[in-house]
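Student: Going down the list, the protein sequences come from chains A and D.
As numbered in the working numbering, residues 1 to 158 make up the first sequence, in order.
As numbered in the working numbering, residues 1 to 158 make up the second sequence, in order.
Below is one structure. I have some questions about it.
Protein chains: 2
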Amino acid sequence: MGTMKRRSVPTSEELAIWRAHIETFEIVRARIEARLHQDSQLSSGDYRVLLALSEADGKSMRSSELAAHIQWERSRLSGQLGRMERRGLLRREPCAEDARGANVVLTDEGARAFRASTLPHLRAVKEVFVDAFAPEQLAQLGEATGAMRSHLNLDARP
Amino acid sequence: MGTMKRRSVPTSEELAIWRAHIETFEIVRARIEARLHQDSQLSSGDYRVLLALSEADGKSMRSSELAAHIQWERSRLSGQLGRMERRGLLRREPCAEDARGANVVLTDEGARAFRASTLPHLRAVKEVFVDAFAPEQLAQLGEATGAMRSHLNLDARP
DNA sequence: TCAATGTGATTGACACGTGAATCATGCGGC
DNA sequence: GCCGCATGATTCACGTGTCAATCACATTGA
């Protein structure tokens, strides 16, 4: 049997697919974020935080719990919360059980803003992302995503 | 025939595919960029600019020409060039034909840095992206990307 | 008790992105 | 020539991301 040498670099076709993929879906993300911003004055970060808080018991969470839940750096969350607090979307209050910690609480205004943003946002996802594909193709895309996740060993147990 | 009402929002499966896709490939991008940075001390922005300049006639380009080529906002490019110039990767010199313009010139150091970065970068693309998929699957991903590009009307002639 | 260490959270320095404003130069028509 | 507008490029203010440093409080063990 001949010696097999595995290519260590992509073929030009593979490289083209990589570049097209990353560039294209960067644009998709930007478009959907732009719609969110126009429709609801929310950034994707805002939305992510509001989504998590909306689903939380008592519409509130410990800051570090929130960071873990959405898988953000703590300092990133800190800045985000600061901006959102300035805009009145949430409140941070000292934590009774642990004086170091902070409870992040969704305000009524934050809840309202999130509620109002949901439908337009989902519509944007449908129009910009989902509608680009035939059903079969979307399923394949889901499978490819799954293959990537297992390649990267995401979804690994804690 | 019954009245057909087209869903205006994604099904939960479609939404899950969207979220998984965007999250997963965000991580892919971050990993490949991290490798580039570790291997070569270059950001993806640096790489993009160096790639364009390397391919340019005379290793130099007018600033606006460069911006158009890589499809960047002019102000974004301005900042990027400033940082890269400070690091000695390129030079900006006044333009003879048009005193408003600037010529961006790749320095020897910039050329060297780019050359050294190429192979490790391609390896990273292969290992992190390409190797995640079966060949058939990668082709499907390419087709899905194409579908998205035509959905967004990218690739439209100027 | 209290020093050592761990943990929750913020801060600071910087890289990077966008859009609006600015500034200088080119250029067409009078 | 020169006024007005177009164009090349940078600057500014701000949002957003990272990492390292910091600070306050908690916990633990001699």
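Here a beta-carbon is modelled for each residue, glycine too, at the ideal position from N, C-alpha and C.
(1) Flag D/H37 as yes if its beta-carbon sits less than 8 Å from any beta-carbon of chain A, otherwise no.
(2) According to DSSP, is D/A56 part of a helix, a strand, or is it coil?
(3) Apart from the five residues on each side of it in sequence, which residues of its chain come closer than 7 Å, Cβ to Cβ, to D/R6?
(4) Could you give the C-beta distance for D/Q140 and A/Q140, rounded to a whole number, given that I count them as a contact under 8 Å?
(5) I'd like the list of long-range same chain contacts for D/S8, defined as Cβ closer than 7 Å, with 5 residues on each side in sequence excluded.
(6) Got a sec: which bits of the stretch 52-69 of chain D sit with their beta carbon under 7 Å from any beta carbon on chain A, in order along the chain?
(7) By the 10 Å Cβ neighbour count, where 16 or more other Cβ atoms means buried, how is A/L66 classified, buried or exposed?
(8) Count the other C-beta atoms from every protein chain shown that fall within 10 angstroms of the C-beta of A/D155, then say buried if there are 16 or more, exposed otherwise.
(9) Tell me whether D/L15 sits in a helix, a strand or coil according to DSSP, three-state version.
(10) Exposed or buried, A/P10, counting other C-beta atoms within 10 Å across all chains shown (16 or more means buried)?
(11) Applying the 10 Å Cβ sphere with the 16-neighbour rule, what's the burial state of A/S117?
(12) The beta strand (DSSP E) spanning D/E143 covers which residue range?
(13) Please name the residue in A/Q137, A/S44, A/M61 whose C-alpha comes closest to that of A/R101.
(14) Less than 8 Å between the CB atoms is what I'm expecting for A/G110 and A/L89, so what's the real figure, rounded?
(15) I want to see whether chain D comes within less than 8 Å of A/W72, judged by CB atoms only; does it?
(16) Just to confirm, is the Cβ distance from A/V130 to A/V28 under 8 Å?
Tutor: Concretely, from the data shown:
(1) Chain A, which has no Cβ nearer than 8 Å to the Cβ of D/H37, makes this no.
(2) Reduced to three states, the DSSP call for D/A56 is coil.
(3) For D/R6, where only same-chain residues beyond five positions count, there are no Cβ hits under 7 Å.
(4) Confirmed, about 5 Å.
(5) Here the set comprises nothing.
(6) Listed by position, the residues of the stretch 52-69 of chain D near chain A (Cβ gap below 7 Å) amount to none.
(7) Looking at its Cβ environment, which holds 16 or more other Cβ atoms inside 10 Å, A/L66 is buried.
(8) Residue burial is scored here from C-beta neighbours: A/D155 has fewer than 16 other C-beta atoms within 10 angstroms and is therefore classed as exposed.
(9) Three-state result, D/L15: helix.
(10) Buried.
(11) Buried, by the Cβ-count rule.
(12) First-last for D/E143: 135-151, but that is the alpha helix (DSSP H), not the beta strand (DSSP E).
(13) Sequence check: residue 101 of chain A is Gly here, not Arg. The candidate whose alpha carbon is nearest that of A/G101 is A/M61.
(14) Between A/L89 and A/G110 the Cβ distance is about 4 Å, and since that is below 8 Å, they are a contact.
(15) Against chain D, the CB of A/W72 has no partner CB under 8 Å away; the residue lies outside that interface.
(16) Their beta carbons are not under 8 Å apart, which means A/V130 does not touch A/V28 by this criterion.
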